[in-house]
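Enquirer: Protein sequence lines correspond, in order, to chains P and Y. Everything in the first sequence is counted per our numbering, starting at 1 for the first residue and increasing by one. Everything in the second sequence is counted per our numbering, starting at 1001 for the first residue and increasing by one. For each residue, glycine too, the CB sits at the ideal point set by N, CA and C. Source: prediction; values computed, not measured. Structure provided below as structure tokens; questions to follow.
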Amino acid sequence: GAGVSQSPSNKVTEKGKDVELRCDPISGHTALYWYRQSLGQGLEFLIYFQGNSAPDKSGLPSDRFSAERTGGSVSTLTIQRTQQEDSAVYLCASSLRRTGPYEQYFGPGTRLTVT
Amino acid sequence: EDQVTQSPEALRLQEGESSSLNCSYTVSGLRGLFWYRQDPGKGPEFLFTLYSAGEEKEKERLKATLTKKESFLHITAPKPEDSATYLCAGRMDSSYKLIFGSGTRLLVRP
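In structure tokens form, the structure reads like this:
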């Protein structure tokens, strides 16, 4: 079946602009995660959504970052007033349900470059 | 502090030369140790989940094992197409997020 999809695949923006990144999880997966992968770094957790529960935002690096998930499916990660240090690959993942199995399946990522 | 450390950072093998990748963890109440493969420009691809010490899982030339402190990914008779970055991650009891290591870049030469 279809995997996790993300758009755009690449985004180049000027410092100070806002960007929106989109994630479409695997159909039927109730949990959705955003991670960030910077050059030479490991994956860094950003935010987690599970069904209608309040999201776990503990990984968001600043208040310039926000995310929402509409209708329990598609999610949008918004970065306001982008900075050069925001340049990274933003990865979205989904998993089947809260009580397991816990395998997270990743999308191809959005490569964000802030100039 | 919960942490996952992978070694070596990079590994070069000749085709057919078996080896192992290491993932050591200090994750409180580990609720799963995950292995992923990542090719350049792509998202991580799920390989294995291990839940308890002594557990082993295999897929083609790959075999993952788990102890109370570390996990190994054994690669038997690798082929050039096994070249990729291999990531391991731990899931804590109190959270749903994965804590990733920085990965091992594997290059298998023909």
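Considering only the alpha carbon of each residue, which of Y90/P, E103/P, V4/P lies closest to L46/P?
Expert: One-based indexing of the first sequence puts residue 46/P at position 46. Of the candidates Y90/P, E103/P, V4/P, the one whose C-alpha sits nearest the C-alpha of L46/P is Y90/P.
Enquirer: Within the chosen definition, does the region 1089-1096 of chain Y reach the region 43-59 of chain P through at least 3 CB pairs nearer than 8 Å?
Expert: The region 1089-1096 of chain Y, when compared against the region 43-59 of chain P, does touch it at the 8 Å Cβ threshold.
Enquirer: Rounded to a whole number of angstroms, what is the C-alpha to C-alpha distance between Q80/P and L112/P?
Expert: Taking the first residue of the first sequence as 1, we reach residue 80/P at position 80. Taking the first residue of the first sequence as 1, we reach residue 112/P at position 112. Using only the alpha carbons, I get a separation of about 13 Å.
Enquirer: Which residues bound the beta strand (DSSP E) around S1125/Y?
Expert: Limits of chain Y in this structure are 1001 at one end and 1110 at the other, which puts residue 1125/Y out of reach.
Enquirer: Less than 9 Å between CB atoms is the rule here; does P108/P satisfy it with respect to chain Y?
Expert: Residue numbering aside, residue 108/P sits at position 108 when the first sequence is read from its first letter. So yes, P108/P belongs to the interface.
Enquirer: What runs of the beta strand (DSSP E), each 3 residues or longer, lie entirely inside the region 1018-1086 of chain Y?
Expert: For the region 1018-1086 of chain Y, whole beta strand (DSSP E) runs of length 3 or above, ordered along the chain, are 1019-1026, 1033-1038, 1045-1050, 1056-1059, 1062-1066, 1070-1075.
Enquirer: Under 9 Å, do S87/P and V114/P count as touching if we go by C-beta distance?
Expert: Locating residue 87/P in the first sequence gives position 87, counting from the first residue. Locating residue 114/P in the first sequence gives position 114, counting from the first residue. Contact: yes.
Enquirer: Give the interface partners of F45/P over in chain Y, defined as CB-CB distance under 8 Å, in chain order.
Expert: By 1-based counting over the first sequence, the position of residue 45/P is 45. Chain Y residues near F45/P: K1097, L1098, I1099.
Enquirer: Cα separation between T1104/Y and S1052/Y?
Expert: Residue numbering aside, residue 1104/Y sits at position 104 when the second sequence is read from its first letter. Residue numbering aside, residue 1052/Y sits at position 52 when the second sequence is read from its first letter. Going from the Cα of T1104/Y to the Cα of S1052/Y covers about 23 Å.
Enquirer: Which chain Y residues sit within Cβ distance under 9 Å of G59/P?
Expert: Indexing the first sequence from 1 puts residue 59/P at position 59. Chain Y residues near G59/P: K1097.
Enquirer: Considering only the beta carbon of each residue, do L1050/Y and A1084/Y sit closer than 9 Å?
Expert: What you label residue 1050/Y is simply residue 50 of the second sequence in a count that begins at 1. What you label residue 1084/Y is simply residue 84 of the second sequence in a count that begins at 1. Result no, Cβ atoms of L1050/Y and A1084/Y do not sit closer than 9 Å.
Enquirer: Going by other Cβ atoms of all chains shown within 10 Å of its Cβ, with 16 needed for buried, is G1016/Y buried or exposed?
Expert: Along the second sequence, one-based indexing puts residue 1016/Y at 16. With fewer than 16 other Cβ atoms within 10 Å, it is exposed.
Enquirer: Threshold first: 3 residues or longer. Then list the beta strand (DSSP E) segments lying entirely within the region 29-79 of chain P, N to C.
Expert: The qualifying runs are 31-37, 43-50, 65-69, 75-79.
Enquirer: Please tell me whether R1012/Y has its Cβ less than 9 Å away from any Cβ of chain P.
Expert: Position 12 of the second sequence holds residue 1012/Y. No - not a single Cβ of chain P is within 9 Å of the one on R1012/Y.
Enquirer: Roughly how many whole angstroms lie between the Cα atoms of D1039/Y and P8/P?
Expert: Within the second sequence, the letter at position 39 stands for residue 1039/Y. Within the first sequence, the letter at position 8 stands for residue 8/P. Approximately 19 Å, taken between the alpha carbons.
Enquirer: Give me whichever residues DSSP pairs with D24/P in a beta bridge.
Expert: As a first step, residue 24/P is located in the first sequence; it is residue number 24 there, counting from the start. Paired residues: S5/P.
Enquirer: Along chain P, which residues have their Cβ under 7 Å away from the Cβ of F1046/Y?
Expert: Here residue 1046/Y refers to the residue found at position 46 when the second sequence is read from its first residue. Residues of chain P passing the Cβ test: E103, Y105.
Enquirer: For S75/P versus L32/P, is the C-beta spacing smaller than 9 Å?
Expert: Within the first sequence, numbered from 1, the residue matching residue 75/P stands at position 75. Within the first sequence, numbered from 1, the residue matching residue 32/P stands at position 32. Yes, the pair counts as a contact, with Cβ atoms nearer than the cut-off.
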